[in-house]
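Scroll down for the structure; my scribbles are underneath it.
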Amino acid sequence: MAITNHLNLTFNFETIDNTFDFFKISTSDKYISKGAYLLDKPINNLKALSISFDYGRSAFVMFNKNTITSHALSEQLGDEKLSFTKVYSSQIQSYILARLFLYSLANYYSEKNQFNNLTGKLYLTNSAWNRKNLKNIIALGIDIDKDLYLQANATTFTKFSIFKKNKEVLKGNYPKYVLENTLKLRRVLSSDETDNIYIKKGIPGVKCEIPFLVLKPNEIRNSRAYFIDKTIKIVNERYTNYLRFEFTNLPLTKTIVEKSDTDFIEKSLNDVRNSKVVLINKETDSLYESSFLSLKESLSQKLGTEIAVSNDISPNSLNIIFLHDKDYYSNKKIEDPYQQIKRNEVIQCVTIEDSANKIINNTDAVINTIFKELTIKNDIVHKKRITLDRWEDFGFKNDWYFGIEKDEIKYFMTIHPDGTFQFEKSKPLFSTFSSPNIRSLANLIDDSNLKGKSIIMDESGNVIMLSRTGEYCLPNPEIYKLDVISRSNDSRKALLEGIVDICFYEKDNQHYYSSGMIGKGMNTGIPKASLIYKVDLLKGKNILESLLKTMSVAFVKYNSFTVLPYPFKYLREYIEMDEANNTKTFNKK
């Protein structure tokens, strides 16, 4: 059994209503702004236990019993556009009621951690996540969505003074918060005289990350997974007579732990060595010259030959372009060179923000990723054949068809038993395809109301559609009690089921799967949770199990299995090339 972040909720409504009062706040405006002060005022002024913003025109507030009336609440908030209705707990949607109890943890005290119910949301701050200067505070936003998935995502609160010269931020209607000595945040009041003011916004170019799980005893209790588990335990302990929150289980029916592409690095290196490689510098600022030269040296060393440098893209070559990321050009309000690049040739961009430091440190992972991406693009542009993996080793006797709909355009990839392939696409209202199987797939996409648009068909006409859910697996909570965390096969199965490897599940006649870190030889950290995907059967029988090994490759996502059969990687690369060749930006030039 795998433990997931999907919650089963049980409420004792009678006991709840005997202890707490709930009020619904509605507005006559079109909506309540996400940053509206009324989402903080009940807590700051009226000592409400919690408030939850229900996207749209309403919010809900929770008080201790008989501490305030609807009339008094109306007078205190003093807004004629607002109306206030007292409601019973059973009249509140389950996810909203669950949020109100969850958000009330803002009244929970700990020396190391602080829960903050800010503007209708819950944020956890932790002293271990922050630098001493406290220019920005990393927090964990904890929430329950409409599908009852408990989510925990990293976010940043930054000192407002840092943005004083940023006109765009100054124009924005950002709620402002005061940081108190205990790492507690609250809304700024008119009576506050302090410069210690924060807004919920990150510093450009600085990533906000809290790892999902760190397999070191001294760090595991600072991870997202730990606080997901701890938060639910605190709720259950504080409100034991009122409710019960429990994580659900998914029955595991099949697991794949072995990589099927152990030699993809050598294959990509050989492919690059047998081609002409050109390095292009799109950054004229001398500040980044050392990074460019480090990249050139690292590539040349790996290839065993001096790499060529050019000002322009070279036809029939493998082109590597050195430039900034999208946010850099957007913030500077200057033209992004990437938008001007036509993709008829093999092109791989290396962004300074994501790769510069790694390049200087000569990280093999960066170089290997560059070569791997070049090989895939070379397969698409020139070879028309999968070369990073031996498709023929799967033993398929017939063609497979993979499809994606994006912006009302349908894209398809047909793969033959020998690994050769071709692409087709249609525009809205025009669906002319060479294959009747592709035409059938296009019709099924049109007829489907499902969220997912990643569709697969085999030669026998069996069709499935894959869609991402908000569900992911959590570690066995016993892991937080260990002084030494083993990564043996038995330990992974007992503590990390569903988090690592490829796992196939079946529940209530529905099929699901997850694709996580490669368990064998795994690192000590798992940066992100692996989302669970749902397999919807559109026609015939479920064929995903035949394709599970096409996800047991590391060339799509470094050091992890891929979440979709790897032909989708080729298909998405083709889509990106096709879009780049048909953008208005390029045509204007």
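Going by the numbering used here, the first residue of the sequence shown is number 1161, and it counts up by one from there. Even glycine gets a Cβ: it sits at the ideal position worked out from N, Cα and C. Note that the coordinates shown come from a computational prediction; the quantities given were computed from them, not determined experimentally.
For residue i, the three-state DSSP class (helix, strand or coil)
i	result
E1552	helix
S1350	coil
I1425	helix
T1710	helix
K1744	Note that K1744 has pLDDT 42, beneath the 50 cutoff, so the model's placement of it is unreliable and the number below is only indicative. In the structure shown, K1744 sits in a helix (DSSP, three-state: H, G or I).
F1728	helix
S1186	strand
K1456	helix
M1161	coil
I1416	strand
K1376	coil
I1256	helix
K1749	In this prediction, K1749 scores a pLDDT of 34, lower than 50, which makes its location untrustworthy; no coordinate-derived value is stated.
N1471	coil
V1142	Residue numbering for the chain in the displayed model covers 1161 to 1749; residue 1142 lies beyond these limits and cannot be assessed.
I1192	coil
I1575	strand
Integer-rounded CB distance, given that residue j should sit under 8 Å from residue i
i	j	result
K1532	S1428	5 Å
W1289	I1370	6 Å
I1124	G1280	Outside the shown range of the chain (1161 to 1749) lies residue 1124, about which nothing can therefore be said.
C1633	I1662	No, C1633 and I1662 are not in contact; Cβ-Cβ is about 12 Å, not under 8 Å.
M1625	D1696	5 Å
T1177	Y1283	Residue 1177 is actually Asp in this sequence, not Thr. At roughly 28 Å, the Cβ-Cβ gap does not stay under 8 Å, so D1177 and Y1283 are not in contact.
T1511	L1483	6 Å
N1204	R1346	6 Å
I1467	K1442	Contact flag wrong, Cβ pair sits at about 16 Å.
Y1672	K1694	6 Å
E1638	L1655	7 Å
Y1386	Y1640	6 Å
A1312	C1368	13 Å between Cβ atoms; not a contact.
T1408	N1168	6 Å
E1619	N1702	Actually they are not in contact, since the Cβ atoms of E1619 and N1702 sit about 16 Å apart, beyond 8 Å.
T1285	F1183	Not quite, the Cβ-Cβ distance comes to about 28 Å (not below 8 Å), so this is no contact.
G1621	G1700	6 Å
Residue(s) in a DSSP beta bridge with residue i
i	result
L1169	F1405
T1316	I1298
V1723	Note: V1723 sits in no beta bridge, so no partner.
D1303	Q1311
S1674	C1663, I1692
E1466	E1466 pairs with nothing; no bridge assigned.
G1700	DSSP output for G1700 lists no bridge partner at all.
K1570	E1565, S1586
E1174	According to DSSP, E1174 bridges with nothing at all.
K1717	S1720
F1261	Per DSSP, none; premise fails for F1261.
V1246	Note that residue 1246 is Lys in the sequence shown, not Val. Answer is F1183.
I1686	L1373
E1657	V1660
V1441	Before going further, note that residue 1441 is Asn rather than Val in the sequence given. Paired residue(s): F1482.
L1410	A1162
message: Pairs of beta-carbons, one from the segment 1469-1486 and one from the segment 1575-1586, closer than 8 Å: are there three or more?
response: no
- prompt: Which ranges does the beta strand (DSSP E) cover as unbroken runs of at least 3 residues, wholly within the segment 1482-1553, from first to last along the chain?
  reply: 1506-1511
message: Does the structure place the segment 1248-1264 close enough to the segment 1301-1308 that three or more beta carbon pairs sit under 8 Å?
response: yes
- prompt: Should the segment 1728-1736 be called in touch with the segment 1556-1570, which here means at least 3 C-beta pairs below 8 Å?
  reply: yes
- prompt: Contact between the segment 1271-1278 and the segment 1230-1239: three or more CB pairs below 8 Å?
  reply: no
Length at least 3, wholly inside the segment 1198-1242: the beta strand (DSSP E) runs in chain order: 1210-1214, 1218-1224
message: So within the segment 1580-1638, which uninterrupted beta strand (DSSP E) runs reach at least 3 residues, ignoring any that extend past its ends?
response: 1581-1586, 1614-1618, 1623-1634
message: Under 8 Å: do the segment 1414-1425 and the segment 1708-1719 share three or more Cβ pairs, one atom per stretch?
response: yes
query: Which runs of the alpha helix (DSSP H) fall wholly inside the segment 1320-1374 and span at least 4 residues, in chain order?
result: 1327-1331
- prompt: Quick one: any contact between the segment 1502-1513 and the segment 1475-1488, if contact means 3 or more CB pairs under 8 Å?
  reply: yes
- prompt: Does the segment 1314-1321 come close enough to the segment 1356-1365 to have 3 or more Cβ pairs within less than 8 Å?
  reply: yes
query: Should the segment 1447-1458 be regarded as contacting the segment 1401-1416, the criterion being three or more beta carbon pairs within less than 8 Å?
result: no
message: Is it the case that the segment 1169-1188 contacts the segment 1642-1657, given that we only count it when at least three CB pairs across the two stretches are under 8 Å?
response: no
query: Should the segment 1568-1576 be called in touch with the segment 1450-1466, which here means at least 3 C-beta pairs below 8 Å?
result: no
query: For the 8 Å Cβ check, are there 3 or more pairs between the segment 1389-1398 and the segment 1322-1339?
result: no
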